[in-house]
Amino acid sequence: MPDSPLHSGPAVSLRTRWEALAAQPHFPWLAAGVWFALNLLQASLTELFHDEAYYWFYSSRMAWAYAEHAPMIAWMIRLGGYLLPGEAGVRLFPVLMGATTVGLLIRETAPAQRGLMTVLIGAGFLTHLGGFFAAPDAPMACFAVAFLVLWRRYLERDDWRLALLTGIAVAALLYSKYHGAMVLFFAFWGWPGVVRRRSFWLLAGLALLLLTPLLLALVEQQFETFRFHLTGRIRKPNDGSFTINYLTNQPLVAGLLTGWLVLMAAFRRRPHDRFERSLRWILFGVLGFLFLVSLNTWVEANWSAAITAPLLWLAVAWLADRPSWQAWAYRLALPGIGLMLIFRAYLMVDFIPPLTKIRNEVHGWDIWAQQMKDMAGDRPLLFDNAYKYPAKYAFYAGGVGANLSNFFYHPTQYDAWGVQDSFEGDTVLYVTRTALEQMDTVQAVTGNFYYREVPNFQSYQQIRVKVLDPMPLEWVQDSVRRLSLRIYNDYAHPVDFGRVPERPASLTCNFFRRGKWVSFSSFPLDAYTLQDSLTITMPVPVKVAETGAYQIVFGIKSGWLGGWQNSAFLDVQVRAPGPEP
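Numbered by numbering that gives the first Met the number 0, the letters in the sequence shown go through residues 0 to 580 in order.
#1: I need the straight-line Cα distance from Tyr53 to Asn565, nearest angstrom please.
#2: Please classify Tyr429 as buried or exposed, where buried requires at least 16 neighbouring CB atoms within 10 angstroms.
#3: With DSSP run on the structure shown, which of helix, strand or coil describes Val194?
#4: Looking at C-alpha atoms only, which residue of Ala265, Val541, Val418, Leu256 is the closest neighbour of Arg330?
#5: Nearest-angstrom Cα distance between Val583 and Leu83?
#6: Can you tell me which residues form a DSSP beta bridge with Gln412?
#7: Okay, do the stretch 448-459 and the stretch 547-561 touch, 3+ Cβ pairs below 8 angstroms being the bar?
#8: By Cβ distance below 6 angstroms, which residues in the same chain neighbour Asn248 in space, the five residues on each side in sequence not counted?
#9: Skipping 5 residues on each side, what residues in its chain have a beta carbon closer than 7 angstroms to that of Thr224?
#10: DSSP has Arg451 in a bridge; who is on the other side?
#11: Kindly indicate which three-state DSSP category Lys176 falls into: helix, strand or coil?
#12: Please report the distance separating the alpha-carbon of Asn38 from that of Pro250.
#13: Go ahead and pull the three-state DSSP assignment for Val464.
#14: With distances taken from CA atoms, which of Ala36, Arg279, Val169 is nearest Arg267?
#15: Starting from the C-beta of Ala140, find all residues in its chain whose C-beta is less than 7 angstroms away, skip the five residues before and the five after it, and write them out in chain order.
#16: Over what stretch of residues does the alpha helix (DSSP H) that includes Met96 continue unbroken?
#17: Using the Cα positions of Asp525 and Phe553, report the straight-line distance between them to the nearest angstrom.
#18: Whose CA, out of Thr528, Leu125, Leu208, lies closest to the CA of Ile336?
#19: Can you give the Cα-Cα distance for Trp17 and Arg196, rounded to whole angstroms?
#20: Taking one C-beta from the stretch 159-179 and one from the stretch 205-214 each time, how about it: are there three or more such pairs within less than 8 angstroms?
#21: Just the C-alpha distance for Pro410 and Gly400, rounded to the nearest angstrom, thanks.
#22: For Leu484, which residues from the same chain have a beta carbon less than 8 angstroms from its beta carbon, with the 5 sequence-adjacent residues on both sides left out?
#23: When DSSP builds the beta bridges, which residues end up paired with Ser566?
#24: In angstroms with no decimal places, state the Cα-to-Cα distance between Ala544 and Ala42.
#25: Beta-carbon within less than 8 angstroms of Gln572's beta-carbon, same chain only, minus the 5 sequence neighbours each way: which residues are those?
#26: Under the rule that 16 or more other beta-carbon atoms within 10 Å means buried, what is Val55, buried or exposed?
#27: Taking only runs that begin and end inside the stretch 252-337, name each unbroken alpha helix (DSSP H) of 4 or more residues, in chain order.
#28: Please confirm whether Asp591 and Thr431 have their CB atoms less than 9 angstroms apart.
#29: Rounded to the nearest angstrom, what separates Gly179 and Leu173 at their Cα positions?
#30: Using a Cβ distance threshold of 8 angstroms, determine whether the stretch 311-322 contacts the stretch 261-277, with at least three qualifying pairs required.
#31: With contact counted as at least three CB pairs below 8 angstroms, one residue from each stretch, are the stretch 361-377 and the stretch 440-447 in contact?
#32: Evaluate Asp50 with the Cβ neighbour count: other Cβ atoms within 10 Å of its Cβ, from every protein chain shown; 16 or more gives buried, anything less gives exposed.
#33: In its own chain, which residues sit with a C-beta less than 8 angstroms from the C-beta of Thr45, not counting the 5 before and 5 after it?
#34: Spell out the partners DSSP gives Phe26 in its beta bridges.
#35: Going along the chain, which residues of its own chain have a beta-carbon closer than 7 angstroms to the beta-carbon of Thr440, five neighbours each way excluded?
#36: Would Leu310 and Tyr245 qualify as a contact pair, given that the criterion is a beta-carbon distance under 9 angstroms?
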C-alpha cells in the first residue's frame, strides 16, 4: 500500500502543532523534566516492588559486587536514602536516570521526528516501569544510551577526549548490569576496524582500570553469580515454553500496542552509516543471544531493556519518510499511553477488586510487615525460599529476618552475607506460605502465612559438600552407590552436628528429573563435629522409576527444618541393571 499523509482535519493540526513543539531545541530536556516529575510522584506514592525492597537490602552494605547483580543500583539507593525518605529515596536516582535516558533518546533523534519518538517512548511498557523502578535496568539503560551517544561521535571523529569519555561510559554500564556487556560486544562488532585506532586502546585501558575493583570482587566471590546461572539451579526440561514466552514478551515490552510496529520498523531499517550498523548489530545480536538462552532457561522480559535505544532510533529512522506508517504509530501509541496511565494509577491506588488480582506486589505490604512484627515480637523471622519477604519486613517494619534457601531455590545476598548465621542459638520463627504440620497461621492482609518456632537455631548454610568420585557419574538403577564426599566448614568455628538433639543434622542426596524432585536418601551427621573438613562415605540408594538423565544436589537438614543447599547440582546418568553397553 503506498504511503499517504494522514487524512485532513483537526487531527492533522493537533499533530502538526505537537511535532512543531517537539522540534524546538529545548524540547528534549523539557520532556525529561516532565518525565522526572511524573515518575518522582509515582515513586513517592507507590509501595516498593519485591525486587526493589531486595535491592534496598543490598544498599545496607556497600560492596563492589553482589550475589546476583552489579553494584550500581545499591549505590544509588544508598545515596537517595540520604536525600529523601521512604520509597522516594529508594527510587530517586533511578527516576533521575530514567529522565536522563528519555532526554538523550529524544535529543539524538532528528528534530522533525522527536514528536514521534516521544509518543513511542510514552507507549512503551518498559520505559514507563523503568522510569521509576529501582532496579539495575535503570542505570543500565541510561549508561547504554550515554555510551551510544559517545560511540556515535567517536565513530565520526577519532579524538582522545571522546575515547576517555566513552571508556568511562563503558565502565559505568558494566557497573550497572552485566547484561551491558552484550551492548558493548555487538557495538564493537559493528565496526571491528575501530581497533586500529590508538585512541581505542586508551578507551579500553581506562575502562579496564575503572572496572578493576569489580573484577577483583567477582574473583573473590569465585564468580558466584555466573556459576549459579550456568550450573547452580535445577535444570528444567525444554518444552518450548521458555522460547514462546520470550518471543511473545518482546512486542509487549517494546510497546503495549505499538511493539509489533516498532520491532518491524527497526528490523527493516537499513544502516546508513557505521553508527547505525552498530545499532543493528546490537538489536539483532542481543535478541538473537537471548533467543538462544531461551532454548535452555527462562528469560526475564526486562533482559532486553539493553536494546531500548537501538530499537527506537532505528524504528523512528525507518518511519521518518513513511507518513502512513507514522499515522499508525500515533493511532496505536495514544491509547497505549492511556492504558499505561491507568496502570500507573493502579500502582498508586488499589482500585481493582481482589478476585481479579494475579500478582500483588505494591498494595498492603506495609500493613503485612506490621502484622508480622506483631506476631514475631523480638524474634527473628526466617522465611522459606523468599528473599522478598525479609527485605519488605525490614523496610516497612524495621524487623530482623533472613531467607533460608534450599535446593528448590537459589543462593541470595542473605546467604552471601550469612545473615541467618547471626541467629545461631536464638529462638527464631520459620515462616512459609505452605501449611505444614504443627504450624500456626497468620491471616495477613496479603494472604495466609504459616510459622513455627525454632528454639536454639543452628544454621548450616556455610557448609560445602564436594563429591570426590570421578566425573561424570554413571549409576545403575536400583543399586546402592557408595559416594566419597568431602564436607568443608566455611565457618570460623567448629560445627557440632549433634548440638541440637531435638533436631539432629543429616545429609540428604536429592534426585531431580526434568526439573522435578523425585527422591532422596539421608545420612546421619549428629555423631560428627566438623573442624575444617572431613571425608565420609555415604550410601546412596538409586531408587528411581526411570533410567536416563538426572541431577543430584546435597543438602543438610536440621530435623524437620531445611535443608540448605550445600553443593552444586551434578549430572548423573542412570542406566538399567545388567552389563555395561
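Glycine is no exception: its CB is placed at the ideal position from the N, C-alpha and C atoms. Here the structure is a predicted model, which means the values were calculated and not measured.
Here's the rundown:
#1: Taken atom to atom, the span from the alpha-carbon of Tyr53 to that of Asn565 is near 23 angstroms.
#2: With 16 or more other Cβ atoms inside 10 Å of its own Cβ, Tyr429 counts as buried.
#3: helix
#4: The shortest Cα separation from Arg330 among Ala265, Val541, Val418, Leu256 belongs to Leu256.
#5: No statement about residue 583 is possible, as the shown extent of the chain runs from 0 to 580 and does not include it.
#6: Answer is none; Gln412 lacks a bridge partner.
#7: yes
#8: Ala300
#9: Ala66, Glu67
#10: In the DSSP output, where bridge partners are listed per residue, Arg451 has Tyr429.
#11: coil
#12: 23 angstroms
#13: Here Val464 sits in strand by DSSP.
#14: If you compare the alpha carbons of Ala36, Arg279, Val169 with that of Arg267, the shortest gap goes to Arg279.
#15: Thr100, Gly129, Ala304, Thr307
#16: That run of the alpha helix (DSSP H) goes 85-106.
#17: 16 angstroms
#18: Leu125
#19: 43 angstroms
#20: yes
#21: 16 angstroms
#22: Val464, Lys465, Val466, Leu467, Leu506, Thr534, Ile535, Thr536, Met537, Phe553
#23: None, per the DSSP bridge assignment.
#24: Cα to Cα, Ala544 sits roughly 52 angstroms from Ala42.
#25: Pro471, Leu472, Glu473, Trp474, Gly547, Ala548, Tyr549
#26: According to the sequence displayed, residue 55 carries Trp and not Val. So Trp55 counts as buried.
#27: 258-267, 273-293, 307-318
#28: With the chain represented from 0 up to 580, any question about residue 591 goes unanswered, as that position is not in the structure.
#29: A straight line joining the alpha-carbon of Gly179 with that of Leu173 spans about 6 angstroms.
#30: yes
#31: yes
#32: buried
#33: Glu86, Phe131, Leu346, Met347, Val361
#34: Answer by DSSP bridge pairing: none, since Phe26 is not bridged.
#35: Asn447, Tyr449
#36: At least 9 angstroms separates the beta-carbon of Leu310 from that of Tyr245.
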